[in-house]
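Chain order of the listed sequences is A and B. For the first sequence, my numbering begins at 1 and goes up steadily by one. For the second sequence, my numbering begins at 1 and goes up steadily by one. Working notes, beginning with the structure itself.
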Amino acid sequence: MNAKRLKARTQAHSKNILTNLAVYFLLIGIGFVFLYPLLYMIITSLMTTEDLINPTIKWLPTHLDLTNFKQVWQVLDYPISLFNSAWYSLICSLAQTFSCALAGYALARFSVPAKKFWIVMLIIIFIIPANVVTIPRYVLFNNYQLVGSPLATILPALTGQGLKSSIFVFIFMSAFSAYPRAFDEAAQLDGAGNMRIFFRIALPMTVPVIVLSLVFSLVWYWNDVAQCGLLIGDDFQTLPLELKALTRSSARCSAPPSAMRPTVLMSGIR
Amino acid sequence: MKKKRSISLKTRDSLVGTLFMSPWLIGLLVFTLIPFIYSVWLSLCSVEFGPDGMQTAFVGGRWYKEIFSADAYFLQALKDTLQFIVLFMPMILVVAIICALLLNKALHGRTFFRILFFFPVVVISGPVMEKLISNQATAIISADTYYVYQVIENLPAILSTPLMYIFDNIVLILWYAGVQMLIVLAGLQKIGDSLYEAASIDGRKRLAELLENHAALSPPDDFNRRGVYGGGFGRHDQYAHVHPYSKQRDECRTAIFVFRGAFLAVRAGGAGHSGDRLQDPA
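See the structure below:
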């Protein structure tokens with residue numbers, strides 16, 4: 001009996017090892033495919049032009065060359081644009097998370113009039129490409145002389161119309177309807193107002209979701225070139241905008257072979 | 001008396017709700033709805049920029065006719081976009097779910113793999129992606145030397161074209177799947193070990209466990225009927241009704257939404273990309 005059980009257990013164990021091996025194999029394989037472009041970027045950024053042209057050199061540069069990085073540091077105004085990028089995306093993502101949390105809370109917990117209509121609107125907004133509303137938004141902000149100031153993108157974020165806001169409203173809606181209503185009711189009995197329930201109970205209950213939406217909107221705002229470039233304009237340069245300007249200018253003024261160069265430069269700083 | 005009070009509570013409820021919604025509602029009106037309608041109006045007009053601002057003159061559906069008949073790039077762009085969405089969306093979903101399942105296992109170095117898999121989400125950005133694609137860093141390294149590739153190449157064109165497309169863009173697919181992966185992973189973590197345990201006590205195999213636990217995640221209410229995401233996950237509803245684990249559904253609502261989120265996010269990615277494609281290559 002005992003021996004039989006032992007045998008069964010060792011069998012299960014070896015099966016486990018096999019599946020684990022398969023999983024590791026898959027993970028490492030997929031991981032390599034994931035990393036390949038990054039590795040390519042990093043290696044290429046360390047090469048000199050001679051190494052780039054030389055077809056025998058693929059993965060190992062003849063020597064480490066940091067001039068690309070130095071150039072990029074100067075050309076991109078790195079400290080300034082990094083600082084701009086950081087505070088701009090942080091403020092936008094905070095504003096977006098907060099407004100989406102409010103909307104999600106209302107949709108999840110209150111009998112808002114015409115709720116289904118608003119949910120359909122959420123989906124419609126989601127489906128409409130952002131490009132469709134870009135020009136009218138520009139005209140609107142131009143009328144109020146807000147083009148050129150970061151407010152032009154912070155305001156939409158603050159009112160839940162930022163980048164892909166609908167997703168966040170949906171996620172918050174599900175998160176707020178996931179925890180029992182009894183918590184709210186208990187707080188209400190203890191005399192807490194609606195705002196207090198929202199800040200002291202609803203938000204702390206959904207910290208993971210808040211973090212998730214903060215991270216996503218931070219990344220999306222950081223990488224946003226289209227909206228930011230159009231609405232905020234030339235005076236305010238974030239890192240991706242500077243990058244784009246650099247690619248464009250170097251593509252314009254250099255011959256095709258060295259048009260590869262900006263890639264090299266840019267890959268370095270990412 | 002009693003009835004009156006309940007009505008006032010209800011109105012109060014909807015009032016507070018509307019108050020919470022108000023920032024979003026204002027934003028919807030000012031930053032999305034009015035601009036959208038204005039945009040549609042502009043598309044029916046001939047617009048000229050003069051010294052005294054924009055001059056608009058109504059021309060009806062002329063631009064719409066022209067885009068289909070006279071524009072050399074539009075139809076090609078439309079075709080590319082459709083191809084992209086049809087081929088990428090299912091692939092991204094599948095890849096996201098597979099990766100999330102792998103990353104959800106208790107393995108050594110799990111954190112390392114998670115960071116590795118989510119890293120591209122942070123790196124991806126317009127200019128950098130463009131450059132990587134144009135330098136062909138996103139295609140598998142000289143894939144045509146592999147035997148599988150040659151076999152696929154010799155298949156009939158209907159089969160081989162989409163397969164080749166996927167092979168050529170495999171890195172892109174993986175990179176686009178980053179966000180969805182995170183979302184699915186969050187959903188999987190909500191399932192909890194107790195569910196798996198219960199299933200294995202019942203003598204289920206892994207795959208059955210998976211299916212049924214996901215069934216427990218199926219949308220409980222009207223989202224299916226609304227058809228926001230037909231096909232795909234809707235099927236699980238049937239399992240959920242017959243299966244005892246469906247009790248757990250309430251617990252899993254976040255996960256359900258997370259699945260919806262994944263789907264919507266894929267759509268967003270597609271939409272965003274189609275926008276990029278439709279723009280002038282300059």
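Ideal placement from N, C-alpha and C gives every residue a C-beta, glycine not left out. As the structure is a prediction and not an experimental result, all values here were calculated from the model.
Assignment of Q180 (chain B) by DSSP, reduced to helix, strand and coil, places it in the helix class. S93 (chain A) sits buried, since 16 or more C-beta atoms from the chains shown fall within 10 Å of its C-beta. Separation of T32 (chain B) and F216 (chain A) (C-alpha to C-alpha, rounded to the nearest whole angstrom) is 21 Å. Residues of chain A whose Cβ lies closer than 7 Å to the Cβ of V171 (chain B) are, in chain order, V33, Y36 and P37.
The beta-carbon of Y38 (chain B) is placed less than 8 Å from the nearest beta-carbon of chain A.
In chain order, F31 and P35 make up the part of chain B whose C-beta sits under 8 Å from the C-beta of R137 (chain A). Not flagged as an interface residue toward chain A: L185 (chain B), since no C-beta distance is shorter than 8 Å.
If you draw a 10 Å sphere on the C-beta of V179 (chain B), you find 16 or more other C-beta atoms in it, and that means buried. Within the DSSP secondary-structure output, V47 (chain B) pairs in a beta bridge with B:T56. When Cβ pairs closer than 8 Å are counted between the two stretches, the region 18–31 of chain A is seen to touch the region 95–112 of chain B, the count reaching three or more. One finds L102, K105 and L107 in chain B with Cβ atoms closer than 8 Å to the Cβ of V23 (chain A), taken in chain order.
Only buried fits G104 (chain A), as 16 or more other CB atoms lie within 10 angstroms of its CB. In this structure, B:V171 is the residue among B:R12, B:G17 and B:V171 with its C-alpha nearest to the C-alpha of V95 (chain B). Proximity to S165 (chain A) across A:P180, A:L64 and A:A101 peaks at A:A101, based on C-alpha coordinates.
For G104 (chain A), the uninterrupted alpha helix (DSSP H) run begins and ends at Y78 to R109, by DSSP. When the Cα atoms are used, S249 (chain A) and L243 (chain A) turn out to be separated by approximately 10 Å.
Around M164 (chain B), no beta-carbon contact reaches into chain A at under 7 Å, the shortest distance being about 17 Å.
Shortest Cα-Cα distance from I183 (chain B) to any of B:Y146, B:L82, B:D52 and B:L93 involves B:L93.
Counting C-beta atoms within 10 angstroms of its own C-beta, D184 (chain A) has 16 or more neighbours from the protein chains shown and is therefore classed as buried. Counting only residues of its own chain and dropping the five nearest sequence neighbours on each side, T153 (chain A) has a CB closer than 7 Å to the CB of C92, Q227, C228, L231 and I232. Distance from the CA of L140 (chain A) to the CA of Q76 (chain B), rounded to the nearest whole angstrom, comes to 33 Å.
Scanning its chain for C-beta atoms nearer than 7 Å, with the 5 sequence neighbours on each side dropped, one finds no residue around P136 (chain A). Within a 10 Å sphere around the beta-carbon of G53 (chain B) sit fewer than 16 other beta-carbons, which makes this residue exposed.
For a cut-off of 8 Å, the C-beta gap from M173 (chain A) to L107 (chain A) is around 5 Å, short enough to register as a contact. Under the DSSP assignment, T134 (chain A) falls in the alpha helix (DSSP H) whose first and last residues are A130 to N143. The three-state reading of DSSP puts L28 (chain B) in helix, counting H, G and I together. T48 (chain A) sits in coil when the DSSP states are folded into three classes, being neither helix nor strand. Look at the region 170–252 of chain A and you find these whole runs of alpha helix (DSSP H), each 4 residues long or longer: 181–189, 194–197, 207–223 and 226–232. Relative to I43 (chain A), the option among A:V33, A:L66, A:G31 and A:A22 whose CA is nearest is A:L66. Listed by position along chain B, the residues whose Cβ is nearer than 9 Å to that of P156 (chain A) are G27, V30, F31 and T32. Residue nearest to L122 (chain A) within the set A:G148, A:Q161 and A:V207 is A:Q161 (criterion: CA-CA distance). Taking 8 Å as the cut-off, the beta carbon of S99 (chain A) is found no closer than this to the beta carbon of P35 (chain B). Look at L93 (chain B) here: in three-state DSSP terms it is helix. For the 8 Å CB-CB criterion, L246 (chain A) and L76 (chain A) form a contact. Distance check between D168 (chain B) and each of B:L87, B:T111 and B:L188 places B:L87 closest, using alpha-carbon atoms only.
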